[in-house]
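Enquirer: The sequence shown begins at 2 in this note's numbering and counts up one residue at a time. Backbone N, C-alpha and C fix where the C-beta goes; we use that ideal spot for every residue, glycine too.
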Amino acid sequence: MAHRRRICCIRPPQSTELEFPVILSPVSWTKIPKRCEELPTNAFKACKLETGETGYIAKAEIGGQKVTGYTTALSHGKGYMPYGTSEHVVEGIMVLAADANNLHWLRSSGYQVPKYAVHGGYDRSEQQFIGRSCTPIQNAKTWQGDLLPAGNLEGEQRIGKIHRSHGCLYVPHSGKEYIFSQYEVLCHKISPGDLASICRWNIIKTLKNLNLNKEVVSTLPLPESLKVRILSTWK
2 MAHRRRICCI RPPQSTELEF PVILSPVSWT KIPKRCEELP TNAFKACKLE TGETGYIAKA
62 EIGGQKVTGY TTALSHGKGY MPYGTSEHVV EGIMVLAADA NNLHWLRSSG YQVPKYAVHG
122 GYDRSEQQFI GRSCTPIQNA KTWQGDLLPA GNLEGEQRIG KIHRSHGCLY VPHSGKEYIF
182 SQYEVLCHKI SPGDLASICR WNIIKTLKNL NLNKEVVSTL PLPESLKVRI LSTWK
């Protein structure tokens, strides 16, 4: 296997601010049998490929890791995955299923991944995310500098995995793994959490703003379950 060029890993700082409670739009992964003749009717349509086919988001295990790539309705249960500088064609994939109205694409670049990005695969050190190309195909290169050949379809896109610590999107094509520094990230749409969660959030935020210590909080006339929740957030 070819060796990947060393890439500096940068991890964004973790926020300590109390987050407003939200509900993420639902997604699911459906296992696809080998030599499957059709995809689920609710498989999420991610892009148009250079062949004119619709690209669907697929996930598979390679080398002990979960890798995100793509499949098509005519792939007979096979997925195309970027891994270790190469494209891997695998069976035993899972396909992302979701209502198209529940997800959206947000443009990003480098090490920036939106807050509510849909989780894709993972490796031994980090969660990975789902991305697609948003710049001309010719902008992509392999780690050795080989350019990605453009197809004949205007607006063609490629699907792959986003390594946040690498600052890029990896996509598979013709046996190789290509790199985009600008990309679109698949994200959940969100809605406010339930009323009880919002009330807890308001109480905790207010108490923190008053700079009360743990001893004072423990004496407040609040339900014990709420006090436990509050004290668990205290530094």
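Under the DSSP definition of a beta bridge, which residues are partnered with T42?
Expert: According to DSSP, T42 bridges with nothing at all.
Enquirer: Tell me the rounded alpha-carbon separation between S141 and K177.
Expert: Note that residue 141 is Ala in the sequence shown here, rather than Ser. About 11 Å.
Enquirer: If distances are taken between C-alpha atoms only, which option among Y71, P150, A99, I204 comes closest to Y84?
Expert: Y71
Enquirer: Would you mind working out which of G93, R165, R36 sits nearest W30, comparing C-alpha positions?
Expert: G93
Enquirer: Quick check on the DSSP output: the alpha helix (DSSP H) that includes A197 runs from which residue to which?
Expert: Taken as a continuous stretch (DSSP letters only), the alpha helix (DSSP H) holding A197 covers 196 to 210.
Enquirer: Is there contact between the region 186 to 204 and the region 110 to 124, where contact requires at least three CB pairs shorter than 8 Å?
Expert: yes
Enquirer: Is the number of C-beta pairs between the region 123 to 136 and the region 191 to 210 that are closer than 8 Å three or more?
Expert: no
Enquirer: Is I191 near the ligand SAH - that is, is its Cβ less than 8 Å away from at least one heavy atom of it?
Expert: Looking at this structure, you won't find the ligand SAH or any other ligand, since it has none at all.
Enquirer: At the level of alpha carbons, what is the spacing between G132 and I163?
Expert: 6 Å
Enquirer: Which two residues bound the contiguous alpha helix (DSSP H) that contains V96?
Expert: Where V96 is concerned, there is no enclosing alpha helix (DSSP H), although the beta strand (DSSP E) it sits in stretches over 95 to 98.
Enquirer: What residue range is occupied by the uninterrupted beta strand (DSSP E) comprising V90?
Expert: 87 to 91
Enquirer: Rounded to a whole number of angstroms, what is the C-alpha to C-alpha distance between Q139 and S192?
Expert: 38 Å
Enquirer: Under a three-way DSSP split, which group does A74 fall into?
Expert: coil
Enquirer: Could you say which of W144, P224, E155 lies nearest to C200 if we only look at CA atoms?
Expert: P224
Enquirer: Rounding to the nearest angstrom, what Cα-Cα distance links E38 and D100 in this structure?
Expert: 22 Å
Enquirer: Beta-carbon within less than 6 Å of T73's beta-carbon, same chain only, minus the 5 sequence neighbours each way: which residues are those?
Expert: E54
Enquirer: Shortest alpha-carbon distance to K60 belongs to which of M95, V229, N103, G146?
Expert: M95
Enquirer: For S26, which of S87, E88, G194 has the nearest alpha-carbon?
Expert: Checking every option, the nearest Cα to that of S26 belongs to G194.
Enquirer: Suppose contacts are defined by Cβ-Cβ distances below 9 Å. Is Y112 in contact with G168 by that definition?
Expert: yes
Enquirer: Give a yes or no on whether the C-beta atoms belonging to L149 and R165 are separated by under 9 Å.
Expert: no
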